[in-house]
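Input: a single structure, listed below in structure tokens.
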Amino acid sequence: MPSPNIWNSPHVYEIENRAVDPDGTLDSAMRAIRPWAGSTVLDVGCGTGFHLPEFAREAAKVIGVEPHAELAAAARQRVCDVPNVTVRMGAAQALPLPDASVDVVHARWAYFFGPGCEPGLTELERVGRRGGAIFIIDNDATRSTFGGWFLRGLPSYDPAAVERFWTRRGFRREPLTIRWSFGDRADFESVLRIEFPADLAAELLREHPGLEVDYAVNLWWRYL
Ligand SMILES: C[S@@+](CC[C@H](N)C(=O)[O-])C[C@H]1O[C@@H](n2cnc3c(N)ncnc32)[C@H](O)[C@@H]1O
């Protein structure tokens, strides 16, 4: 699944990750559904491994899977001092993991975008252990400032079709409002420029003052 934002600009994507959800709303919502203390966590499409250390604080074991070789290397480097984390090269639709070996699956803005990701969901069924949970984090284009920007960048996006896709597969939707919070305008600008076409990024920068953006997401989840 092409991911030009992080593939082409991993350093800017790191700035974006630092700006996302400073209140820990996503973390709290996932913990309330299925905490991971003592469990095995799989982060599918882990990119440069930004989220691996946080999972590793409480999980028994954390596995990051990432198909892009340079990003997988960066993730490995990030966690080289964290003994309970491993990073494997691989893709959601062919996970390099044994059957029934994972309790909690986390996929954040990675591969699982609705229709088309069925092969990856079949793999999650295979590697997941009963009693665990799957968490998929994606944009909610129906509301918030960021949701509006997302639809302007991708007018063909059909939120109702995405909702039908997940609901039919037994996922529940937890709508959450997080925020982007940047340290300065240069960081904000660099992130908008990797997330949107140049002309739209320029428009958004003209329209939107300050360093904060309200950002609606859906946490799609279900128990294994
Ligand atoms: C926008 S990035 C998000 C990275 C990470 N989840 C994060 O939040 O920092 C999307 C990631 O999904 C990965 N990806 C793309 N296709 C994939 C696939 N078929 N299976 C697993 N990961 C995939 C990309 O290489 C990229 O690292």
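In this text, residue positions in the sequence shown follow full-length UniProt numbering: the first is 1, and each later residue adds one.
In this text, a Cβ means the ideal position worked out from N, Cα and C, and glycines have one as well.
Source: prediction; values computed, not measured.
Bridge partners - Leu219, DSSP secondary structure assignment:
Numbered from its first residue, the sequence shown carries residue 219 at position 219. Leu219 is bridged to Ile137 and Glu174.
What does the alpha-carbon distance come out to for the pair Gly210 and Ala94?
Position 210 of the sequence shown holds residue 210. Position 94 of the sequence shown holds residue 94. Gly210 and Ala94 have their C-alpha atoms some 42 Å from each other.
Contact defined as beta carbons within less than 8 Å: I believe Leu224 pairs with Gly147. What is the distance between those atoms, to the nearest angstrom?
Taking the first residue of the sequence shown as 1, we reach residue 224 at position 224. Taking the first residue of the sequence shown as 1, we reach residue 147 at position 147. With a Cβ gap of about 29 Å, Leu224 and Gly147 do not count as contacting.
As assigned by DSSP and simplified to three states, the class of Met30
As a working mapping, residue 30 is identified with position 30 in the sequence shown. Correct three-state label for Met30: helix.
Looking at C-alpha atoms only, which residue of Val79, Tyr111, Phe113 and Gly64 is the closest neighbour of Leu97?
Within the sequence shown, residue 97 is the residue found at index 97, counting from 1. Per the Cα distances, Gly64.
His106 by DSSP, collapsed to three states: which one?
Residue 106 sits at position 106 when you count from the first residue of the sequence shown. DSSP places His106 in strand when its eight states are reduced to three.
Which term fits Gly143, buried or exposed, when burial requires 16 or more other beta carbons within 10 angstroms of its beta carbon?
Here residue 143 corresponds to residue number 143 of the sequence shown, with the count starting at 1. The amino acid at residue 143 is misidentified as Gly; the sequence shows Arg. Burial call: exposed.
To the nearest whole angstrom, what separates the beta carbons of Val102 and Arg129, a pair I think is in contact under 8 Å?
Taking the sequence shown and counting its residues from 1, the one referred to as residue 102 is at position 102. Taking the sequence shown and counting its residues from 1, the one referred to as residue 129 is at position 129. That pair is a contact at about 6 Å.
According to DSSP, residues forming a beta bridge with Asp66:
On the sequence shown, residue 66 is found 66 positions in, with the first residue counted as 1. The sequence shown places Glu at residue 66, rather than the Asp named in the question. DSSP output for Glu66 lists Met89 as bridge partner(s).
Do you know offhand how far Ser39's Cα is from Glu54's?
Here residue 39 refers to the residue found at position 39 when the sequence shown is read from its first residue. Here residue 54 refers to the residue found at position 54 when the sequence shown is read from its first residue. If you take the alpha carbons of Ser39 and Glu54, they lie about 13 Å apart.
Looking at C-alpha atoms only, which residue of Ala100, Asp99, Val44 and Ala59 is the closest neighbour of Ala75?
Within the sequence shown, residue 75 is the residue found at index 75, counting from 1. Ranking Ala100, Asp99, Val44 and Ala59 by Cα distance to Ala75 puts Val44 first.
Excluding the five sequence neighbours on either side, which residues of its own chain have a C-beta within less than 7 Å of the C-beta of Ala29, listed in chain order?
If you number the sequence shown from 1, residue 29 lands on position 29. If we look at Ala29 and ignore the five residues flanking it on each side, its Cβ neighbours are Glu174, Leu176 and Leu219.
Which residues in the same chain as Tyr124 place their Cβ atom closer than 7 Å to its Cβ, once the five residues preceding and following it in sequence are excluded?
To locate residue 124, count along the sequence shown from 1; it is residue 124. Residue identity check: residue 124 is Leu in the sequence provided, not Tyr. So the list reads Val105 and Ile134, once near-sequence residues are dropped.
According to DSSP, simplified to helix, strand and coil, what is Ala94?
Position 94 of the sequence shown, counting from 1, holds the residue named residue 94. DSSP places Ala94 in strand when its eight states are reduced to three.
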